[in-house]
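This report concerns only the one structure given below.
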Amino acid sequence: MYSEKVMDHFQNPRNVGEIENASGVGTVGNAKCGDIMRIYLDIDENQIIRDVKFKTFGCGAAVATSSMATELVKGKNIQEAMKITNKAVAEALDGLPPVKMHCSLLAEEAIHAALWDYAQKHNITIEGLQKPKSDIHEGEETEEEEY
432 MYSEKVMDHF
442 QNPRNVGEIE
452 NASGVGTVGN
462 AKCGDIMRIY
472 LDIDENQIIR
482 DVKFKTFGCG
492 AAVATSSMAT
502 ELVKGKNIQE
512 AMKITNKAVA
522 EALDGLPPVK
532 MHCSLLAEEA
542 IHAALWDYAQ
552 KHNITIEGLQ
562 KPKSDIHEGE
572 ETEEEEY
């Protein structure tokens, strides 16, 4: 069961779209469920996120977490944006079902991927930021199905 906030952000997502010539763009996916999330950041000379947009292909929870994540980072500086975790996204939505928590992780990773892109373009280091994975399950052991 989804909270009213999840349903609101799914049915009326905020900040949908693209930013031309974005300061940073991050795309992450989840091969297991097929969700793909792309976040665009417009960061000013003071490292404040002036604008943020997203495009998400996925379930309702993926759309809702993308929408909420954009709301959480807008107006923040890059260090504040770094502190936004998947738990913070889920809590801001009044919770997610356990089987949908990976959507909030996608949102966190997409923010980090966009910040990584920004850092690369501006030749800077953002404290605590690591190179993002394109798939949130990258590096995990995969179980091969036998036929």
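Start counting at 1 in the sequence shown, then tack on 431, and there's your number in our numbering. Here a beta-carbon is modelled for each residue, glycine too, at the ideal position from N, C-alpha and C.
query: Roughly how far, in whole angstroms, is the beta-carbon of residue 499 from the beta-carbon of residue 440, given that I think they are within contact range, below 8 Å?
result: Taking the sequence shown and counting its residues from 1, the one referred to as residue 499 is at position 68. Taking the sequence shown and counting its residues from 1, the one referred to as residue 440 is at position 9. Going by Cβ atoms, the distance from residue 499 to residue 440 rounds to 5 Å, so yes, they are a contact pair.
- request: Note the first and the last residue of the continuous alpha helix (DSSP H) segment covering residue 486.
  value: Working through the sequence shown from its first residue, we reach residue 486 at position 55. Counting along the chain, residue 486 falls outside any alpha helix (DSSP H), though it belongs to the beta strand (DSSP E) covering 480-488.
Extent of the continuous alpha helix (DSSP H) to which residue 458 belongs: Here residue 458 refers to the residue found at position 27 when the sequence shown is read from its first residue. Segment 455-461 is the beta strand (DSSP E) holding residue 458; no alpha helix (DSSP H) there.
message: My output table needs one value for residue 503: the three-state DSSP class, helix, strand or coil.
response: For the purposes of this step, residue 503 is taken as residue 72 along the sequence shown, with counting starting at 1. Looking at residue 503 - three-state DSSP - the assignment turns out to be helix.
DSSP-derived helix/strand/coil call for residue 576: Translated into positions along the sequence shown, residue 576 becomes position 145. Because residue 576 sits at a pLDDT of 37, beneath the cut-off of 50, its placement in the model cannot be relied upon, and the point is left open.
query: Does DSSP put residue 509 in a helix, in a strand, or in coil?
result: For the purposes of this step, residue 509 is identified with residue 78 of the sequence shown, where counting begins at 1. DSSP places residue 509 in helix when its eight states are reduced to three.
- prompt: So is the beta-carbon of residue 472 under 7 Å away from any non-hydrogen atom of the ligand FAD?
  reply: Among the components modelled here there is no ligand, and therefore nothing to report on the ligand FAD.
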